[in-house]
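Trainee: Per the numbering used here, the sequence shown starts with residue 135, numbered consecutively. Idealized CB from N, CA, C, for every residue including glycine. Before we start, here is the structure in question, set down as structure tokens.
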Amino acid sequence: MTKKEEILAYLSSIRPELESEGIEKLGLFGSYARDSAVWGSDIDIIMHTTPRFLQVHPGWEALRVIEELRSSISHRFGGGRVDICDLSGLDEVKREKLLKEAIYV
């Protein structure tokens, strides 16, 4: 199994729990999604939160949940850098670019 496949499998395994908390989409983009990752490449995660996410995790709690997600992915894959991008906070141009290359679980 490639690291890309491992990342996607892990995201698939945690998706049900995240969905119950208001994260409706979860995926991989960037160098791992394009199969161009090299040693030291960061893992780029894309997600889309619903209004429910902020109802379940108001204020700073939402940031804590996202940081815990980032940390768990980093720990799972050797402690490397993980960036998480929320689709709901992107302008249309960036959103379209990410949607074209993202692999959703």
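Measuring only the C-alpha atoms, how far is Ser154 from Val190?
Mentor: Here residue 154 corresponds to residue number 20 of the sequence shown, with the count starting at 1. Here residue 190 corresponds to residue number 56 of the sequence shown, with the count starting at 1. Looking at the two C-alpha atoms, the distance is approximately 10 Å.
Trainee: How many angstroms separate the CA atom of Val172 from the CA atom of Glu139?
Mentor: Reading the sequence shown from its first residue, position 38 is the one you call residue 172. Reading the sequence shown from its first residue, position 5 is the one you call residue 139. One C-alpha to the other measures close to 15 Å.
Trainee: Could you tell me the distance, in whole angstroms, from the CA atom of His247 to the CA atom of Cys219?
Mentor: The structure shown does not extend to residue 247, since the chain is modelled only from 135 to 239, so the question has no answer here.
Trainee: Could you tell me the distance, in whole angstroms, from the CA atom of Asp169 to the CA atom of Ser222?
Mentor: Looking up residue 169 in the sequence shown gives position 35. Looking up residue 222 in the sequence shown gives position 88. Whole-angstrom Cα-Cα distance: 26 Å.
Trainee: Compute the distance between the beta-carbons of Phe163 and Glu230, then report whether it is under 8 Å.
Mentor: Within the sequence shown, numbered from 1, the residue matching residue 163 stands at position 29. Within the sequence shown, numbered from 1, the residue matching residue 230 stands at position 96. No; because the gap between Cβ atoms is not below 8 Å, this pair is not in contact.
Trainee: CB-CB under 8 Å to Leu224, same chain, minus the five flanking residues each way: which ones, in chain order?
Mentor: Position 90 of the sequence shown, counting from 1, holds the residue named residue 224. Only Leu232 meet the Cβ criterion.
Trainee: Helix, strand or coil: how does DSSP classify Val172 here?
Mentor: The residue you call residue 172 lines up with position 38 of the sequence shown. Val172 falls in the coil class under three-state DSSP.
Trainee: Tell me Leu162's beta-bridge partners as DSSP assigns them.
Mentor: Residue numbering aside, residue 162 sits at position 28 when the sequence shown is read from its first letter. Answer is Ile179 and Ile237.
Trainee: How many angstroms separate the CA atom of Ile177 from the CA atom of Tyr238?
Mentor: In the sequence shown, counting from the first residue as 1, residue 177 sits at position 43. In the sequence shown, counting from the first residue as 1, residue 238 sits at position 104. Rounded to whole angstroms, the gap between the alpha carbons of Ile177 and Tyr238 is 14 Å.
Trainee: Check this for me: beta carbons of Leu160 and Arg149, under 8 Å apart or not?
Mentor: Position 26 of the sequence shown, counted from the start, is the residue given in the question as residue 160. Position 15 of the sequence shown, counted from the start, is the residue given in the question as residue 149. Taking 8 Å as the Cβ cut-off, Leu160 and Arg149 qualify as a contacting pair.
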